[in-house]
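Below is one structure, written out as structure tokens, with a few remarks after it.
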Amino acid sequence: MSPQDPAAFRTRPEHRWPVLIALAVGAGLYAVLPSDASGALRYVVVGAGVLCAIPMIATNPARLTRDSRLGRGFALAFTALLLLANQVALVLLILQLLRGEGEGVTTLLGAAQVWAINVIGYAVVYWEMDRGGPIARRRDLRDALPAADFQFPQDSDRDAVSEVRRRSSDVEDWAPGYVDYLYFSASNAMAFSPTDVMPLSSRAKLFMMVQAVSGFILLALVIARSVNVLN
Numbered sequence: 011m012s013p014q015d016p017a018a019f020r021t022r023p024e025h026r027w028p029v030l031i032a033l034a035v036g037a038g039l040y041a042v043l044p045s046d047a048s049g050a051l052r053y054v055v056v057g058a059g060v061l062c063a064i065p066m067i068a069t070n071p072a073r074l075t076r077d078s079r080l081g082r083g084f085a086l087a088f089t090a091l092l093l094l095a096n097q098v099a100l101v102l103l104i105l106q107l108l109r110g111e112g113e114g115v116t117t118l119l120g121a122a123q124v125w126a127i128n129v130i131g132y133a134v135v136y137w138e139m140d141r142g143g144p145i146a147r148r149r150d151l152r153d154a155l156p157a158a159d160f161q162f163p164q165d166s167d168r169d170a171v172s173e174v175r176r177r178s179s180d181v182e183d184w185a186p187g188y189v190d191y192l193y194f195s196a197s198n199a200m201a202f203s204p205t206d207v208m209p210l211s212s213r214a215k216l217f218m219m220v221q222a223v224s225g226f227i228l229l230a231l232v233i234a235r236s237v238n239v240l241n
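Just so we're aligned, residue 11 is where the sequence shown starts under our numbering, counting upward by one.
Structural data, given as structure tokens:
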């Protein structure tokens, strides 16, 4: 069997569509940001999103069964562009909040959009980074995988009660998917710390730190501006 044959995978290959839908939502949120926070970059982000989606879908239209550098490269390139553009919008919104400029509701809505885009984008980074990426995680034997960047609850549930143990990595041969990293990204952005998923590598901790710091600054300024708007 070839590595592209789903039957050759250790566990069922992951669906392509959750991450594509999430990136489309991220691009859409960026496209409707207030014009003074995104400017002409909105057209670059949307155009790049459409162009990058083509090879991503072509290489793996339904499930992630084909290990393609092209498809993965375009996914990472668009995610990097989305996050970088979002950081520009973040800085502009922070300046607006500090100066008290812009319409209150519009600025606060833009801040929420920037926060949501960060959650989506960092989830893709974690998803692509951990254990060799989404294809390797479900195809390769565990001993052949690169060292994990994150530890999920299922990775340490082997000694739990039976109904919990049945979902553990050892028993079910479980592997995390994009939704798991999306939940983890949202938790990190809200709690500013690990919740049920623990970072294991230095690069994972650095990405989490950058995400948490930007979210904390944005949230602190949004709360301060909301108090002014309500008063």
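Think of the CB as a built atom: it goes at the ideal place given N, C-alpha and C, for glycine as much as any other residue. Since we're looking at a predicted model, the values are computed, not measured.
Which residues in the same chain as S179 place their Cβ atom closer than 7 angstroms to its Cβ, once the five residues preceding and following it in sequence are excluded? Close CB contacts of S179 within its chain, under the 7 angstroms cut and outside five residues either way in sequence, are with Q164, D165 (chain order).
Out of curiosity, what's the CA-to-CA distance linking L229 and I104? Here the alpha carbons of I104 and L229 stand approximately 10 angstroms from one another.
Per DSSP, what kind of secondary structure is F226 in: helix, strand or coil? Three-state DSSP puts F226 in a helix.
Nearest CA to the CA of D206: which residue from S195, L216, G143? If we check each option's Cα against that of D206, S195 comes out closest.
Kindly indicate which residue of S45, L151, G59 has the alpha-carbon position closest to the one of W184. The shortest CA-to-CA distance from W184 to any of S45, L151, G59 is the one to L151.
Determine the contact status of L33 and V189, defining contact as a CB-CB distance below 9 angstroms. Not closer than 9 angstroms, so no.
F202 lies in the alpha helix (DSSP H); which residues open and close that run? Neither: F202 is in no alpha helix (DSSP H) and is coded neither H nor E.
Which residue wins for smallest C-alpha separation from L92, given the options L51, D159, G225, G143? Ranking L51, D159, G225, G143 by Cα distance to L92 puts L51 first.
For the pair the region 122-137 and the region 62-81, tell me if three or more CB-CB distances fall below 8 angstroms. In this structure the region 122-137 does not lie against the region 62-81, because fewer than three pairs of beta carbons, one per stretch, are closer than 8 angstroms.
Proximal residues to V171 (C-beta, below 7 angstroms), its chain only, five neighbours per side dropped: Taken in chain order, the list of residues that qualify is empty.
Boundaries of the alpha helix (DSSP H) in which A90 is found, first to last residue: Its alpha helix (DSSP H) spans residues 79-109.
Note down, one range per segment and in chain order, each alpha helix (DSSP H) of at least 4 residues found wholly within the region 127-191. The alpha helix (DSSP H) runs of length 4 or more contained entirely in the region 127-191 are, from start to end of the chain, 144-149, 172-175, 179-182.
Does R76 come out as helix, strand or coil in the three-state DSSP assignment? DSSP places R76 outside both helix and strand once states are collapsed to three, so it counts as coil.
Considering only DSSP beta bridges, list what P209 is partnered with. P209 has F160 as its beta-bridge partners, per DSSP.
From E182 to R176, what distance separates their C-alpha atoms? Looking at the two C-alpha atoms, the distance is approximately 6 angstroms.
Length of the line joining the Cα atoms of D46 and L102: Their backbone Cα atoms lie some 8 angstroms apart in a straight line.
Please return the same chain residues whose Cβ sits closer than 6 angstroms to the Cβ of I145, not counting the five positions on each side in sequence. Taken in chain order, the residues that qualify are L74, D77.
Please tell me whether L51 has its Cβ less than 9 angstroms away from any Cβ of chain D. Of the protein chains in the structure, only one exists, and it is not chain D.
Roughly how many whole angstroms lie between the Cα atoms of A121 and A17? So the two alpha carbons sit approximately 45 angstroms from each other.
Euclidean distance between Cα positions of T117 and L43: In this model, T117 and L43 are separated by some 9 angstroms (Cα to Cα).
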